[in-house]
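In my numbering, the protein residues as written are 2 to 95.
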């Protein structure tokens with residue numbers, strides 16, 4: 002999956018998997034916050050989002066875990082790395 006294309010062409014949804022407190026401290030434009038620790042209770046919500054999901058966090062570690070978990074459930078997604086990486090891609094695609 003080409004993450005830059007997904008972001009540029011608004012082909013999916015950016016999901017920030019950090020805690021709400023971290024998300025409030027800064028986030029990628031247009032992203033939604035679903036903390037990784039809530040994933041098991043929010044699978045139905047995640048399946049309803051426009052796919053592919055671009056998952057991000059602080060460093061790319063939690064989003065990698067989330068990507069693996071959701072991929073096993075058949076949800077199209079990719080690891081966008083840190084929210085700052087995703088933010089940089091948004092700026093590059095304008």
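Built from N, CA and C at the ideal position, the CB exists for glycine as well.
Anyone know if the C-beta pair for residue i and residue j falls short of 7 Å?
i: residue 83; j: residue 59; result: yes
i: residue 52; j: residue 77; result: yes
i: residue 90; j: residue 8; result: yes
i: residue 15; j: residue 32; result: yes
i: residue 37; j: residue 18; result: yes
i: residue 80; j: residue 56; result: yes
i: residue 13; j: residue 71; result: no
For residue i, does the three-state DSSP call read helix, strand or coil?
i: residue 50; result: coil
Would you verify that the beta carbon of residue i is, or is not, closer than 7 Å to some beta carbon of chain C?
i: residue 50; result: Of the protein chains in this structure there is only one, and it is not chain C.
Under a Cβ-count criterion, where at least 16 other Cβ atoms within 10 Å of its own Cβ denotes burial, should residue i be classed as buried or exposed?
i: residue 64; result: buried
i: residue 28; result: buried
i: residue 92; result: exposed
i: residue 88; result: buried
i: residue 45; result: exposed
Between which two residues does the beta strand (DSSP E) harbouring residue i extend?
i: residue 88; result: Unbroken run through residue 88 is the alpha helix (DSSP H), 84-93; no beta strand (DSSP E).
How far does the alpha helix (DSSP H) with residue i in it reach, from first residue to last?
i: residue 76; result: Where residue 76 is concerned, there is no enclosing alpha helix (DSSP H), given that its DSSP letter is neither H nor E.
| Sequence ranges, beta strand (DSSP E) only - wholly within the region 11-70, length at least 3 | Taken in chain order, the whole beta strand (DSSP E) runs of length 3 or more contained in the region 11-70 are 14-17 and 54-58.
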